[in-house]
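This report concerns only the one structure given below.
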């Protein structure tokens, strides 16, 4: 397997968290090429993480977390994100992993790696932990496209089905369309037109999946649909709403009941550990950009080393299970 | 003050929960007229709730919770919702309160009470409990309009400002526009065009409010904007996502840590009571439909007597503070 290109400069805790995550990944025999500025990745620094012998693709620039994605990718030609995506384009790497600027990661992947033939728009697929379910729910698009066409949502559904099967082994994925009521007549014209496309039987038969109709916001975290299809505006708002509610809930527990680390509070936190660990974005490995010619994993900006490790494992698995080829087969 | 028309037939627990809620409201000297089927509201039943002397507007039909709103309101002319809205139109009541079919409540209000002059579309304003903030955040539109125009969002903002001031005493409400990034360049074309309208200074000065720019899903439950403006599709998805995440969080606590009622779990539930009570939709009184000629309170379908009481109090307060007149002044 070709090596995985990891953006050493991306994320709130770069490069330290990234380097430690890479060290952990190499312990699992994953072959990695680092991409970044040699000034930040000197021999001493690399030695701290047992990375003396790692291959380095030099990139003198790092795109800031708050830069305007399109122009940053166009003007910062020697940025780590551009160099990482070029490594995939040039057959030197099989995947990119970055915890950096999400929009710029997407733009670099799109510009350098290119779209899969027939894909109208790539989409960000984000996993959500579901209580009493072995596999996460996948929602797409979580923000690649602020506006969408019904045909694009039809493709998002196909890509989501292929990804859910490859990544999580869901044999007959159930697909739901995010709306504001269960009936086919509910929702915006985008949703109503997408419903017509998704309810056709041929694509479901071809891909071995089942369209279960409209779903609602409350289905995000329940065992209803495996693949939740929506436009990138709605998906991103839903993602951030869910994160926000969970954060406020957790803060309110600490504020009212107390932090972990006392005899009174520990039984609660110990009992809740599986839930908190399930919801912890560091444990999911991040989102993937589906529809580009190569694997592109977008890790959370606040990724710690565990998150980086999980993102690299996700990339490795996506390469190993040939997800990009399966996406090509499904779309073309 | 004119009496408040309460739909006795609306909601999952009607008429019992409604009648008990009405009894509680009358203990606070709120003048109420019941609307519903006399067969269900016979003397014996009413006596059970000390409502022997209550005025009744007879309506032989009740619109089911899952009926298609538009056609139900048009065809079920003698439904409790139509009769309640007509009572406001005819000057016999000042407000309607219903825990029934939301779409039908909206349709009946729109059809019978009519829009305020100049209002393009009414909007549903829903309150969200915010930790460490005295007043809730109000989001609108939470589902009256599946699609929207930038000018409508401009009006939603105005109505939200007036309502937040009247209902919660927020002197200089902060208005945020739901988007997928803080920059004005982020979001759908609807959001970008709405941003232009909202950022104009004249309306802010006129209404005494401040537009703080784009907000994101994670701002829903934090002290950032008092009025969160969005289209009815996004608003409804956000509302149901937030409800769904909170529900799953609560279920996961009961499942992993245990229910209230034991020595081990009670300290947690006692400490968290203010939070759970804050988030409990029964305590908010429900959402209001802004932009129609009269007060229209939409209670949660699962309302218990406390929820009905709070919805009636909300209606009484909206009438008392002359919210509809203030909306007329702001829009015309």
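Protein chains in written order, with this note's numbering: chain A, 367 to 698; chain B, 367 to 698. Idealized CB from N, CA, C, for every residue including glycine.
Taking a cut-off of 8 Å for Cβ pairs, the stretch 548 to 559 of chain B and the stretch 521 to 530 of chain B do not touch, as fewer than three such pairs fall below it.
Between the stretch 446 to 454 of chain A and the stretch 397 to 413 of chain A, the count of C-beta pairs closer than 8 Å reaches three or more; the two stretches touch. Straight through space, the alpha carbons of residue 684 of chain A and residue 690 of chain A are spaced by roughly 8 Å. By the Cβ criterion, the stretch 573 to 580 of chain B is not in contact with the stretch 459 to 474 of chain B, since fewer than three pairs of Cβ atoms, one from each stretch, lie closer than 8 Å. As a beta-bridge residue in DSSP terms, residue 461 of chain A pairs with A:370 and A:661.
Three or more Cβ pairs closer than 8 Å define a contact, and the stretch 638 to 649 of chain B meets that threshold against the stretch 613 to 633 of chain A. Note on geometry: alpha-carbon atoms of residue 513 of chain B and residue 562 of chain A lie some 18 Å from one another. With a 10 Å radius around the Cβ and a threshold of 16 neighbouring Cβ atoms, residue 467 of chain B comes out buried. In the DSSP annotation of this structure, the continuous segment of the beta strand (DSSP E) that includes residue 503 of chain A starts and ends at 503 to 506. Considering only B:589, B:593, B:588 and B:583, the residue with the shortest C-alpha distance to residue 564 of chain B is B:593. With at least 16 other beta carbons inside 10 angstroms of its own, residue 582 of chain A counts as buried. Close to chain A, meaning a Cβ-Cβ distance shorter than 8 Å, are the following residues of the stretch 633 to 645 of chain B: 633, 634, 637, 638, 640 and 641. Residues of the stretch 605 to 624 of chain A with a C-beta less than 8 Å from any C-beta of chain B: 605, 606, 607, 608, 609, 610, 611, 612, 613, 614, 615, 617, 618, 619, 621, 622, 623 and 624, listed in chain order. Residue 493 of chain B is bridged by DSSP to B:504. At least one beta carbon of chain B lies nearer than 8 Å to the beta carbon of residue 513 of chain A.
In the structure shown, the three-state DSSP call for residue 593 of chain B is strand. Using a CB distance cut-off of 8 Å, residue 582 of chain B counts as an interface residue toward chain A. In chain order, 614, 617, 618 and 621 make up the part of chain A whose C-beta sits under 8 Å from the C-beta of residue 497 of chain B.
Residues of chain B with a Cβ closer than 7 Å to the Cβ of residue 437 of chain A do not exist, since the nearest Cβ in that chain sits about 11 Å away.
When secondary structure is reduced to three states using DSSP, residue 483 of chain A falls in the coil class, being assigned neither helix nor strand.
Here the alpha carbons of residue 653 of chain A and residue 666 of chain B stand approximately 35 Å from one another. Annotation: Cβ neighbours of residue 544 of chain B in chain A (cutoff 7 Å, chain order): 603. Annotated as distal: residue 650 of chain B and residue 516 of chain B, with beta-carbon spacing of 8 Å or more. Burial check for residue 386 of chain B: the Cβ neighbour count within 10 Å reaches 16 or more, so the residue is buried. Counting only runs that start and end inside the stretch 525 to 592 of chain A, the alpha helix (DSSP H) elements of at least 4 residues fall at 555 to 564 and 567 to 573.
Contact holds between the stretch 589 to 603 of chain B and the stretch 497 to 506 of chain B, because three or more Cβ pairs, one in each stretch, are under 8 Å apart. Residue environment for residue 566 of chain B: exposed (fewer than 16 other C-beta atoms within 10 angstroms of its C-beta). Taking the beta carbon of residue 428 of chain B as reference, no residue of chain A falls within 7 Å; the closest one sits roughly 20 Å away.
In terms of CA proximity to residue 367 of chain A, A:681 leads the group A:419, A:681 and A:634.
Around residue 510 of chain B, the same chain offers 472, 487, 488, 489, 490, 598 and 655 as residues with beta carbons nearer than 8 Å, after the five sequence neighbours per side are excluded.
Taking the CA atoms as reference points, residue 549 of chain A sits about 44 Å from residue 430 of chain A. Rounded to whole angstroms, the gap between the alpha carbons of residue 424 of chain B and residue 688 of chain B is 28 Å.
Distance from the CA of residue 407 of chain B to the CA of residue 525 of chain B, rounded to the nearest whole angstrom, comes to 37 Å. Taking a C-beta distance under 8 Å as the contact criterion, residue 477 of chain A and residue 439 of chain A qualify as a contact pair. Inclusion of residue 693 of chain A and residue 657 of chain A in the CB contact set at 8 Å is warranted, their separation being smaller than that value. Close CB contacts of residue 507 of chain A within its chain, under the 6 Å cut and outside five residues either way in sequence, are with 489, 490, 522, 598 and 601 (chain order).
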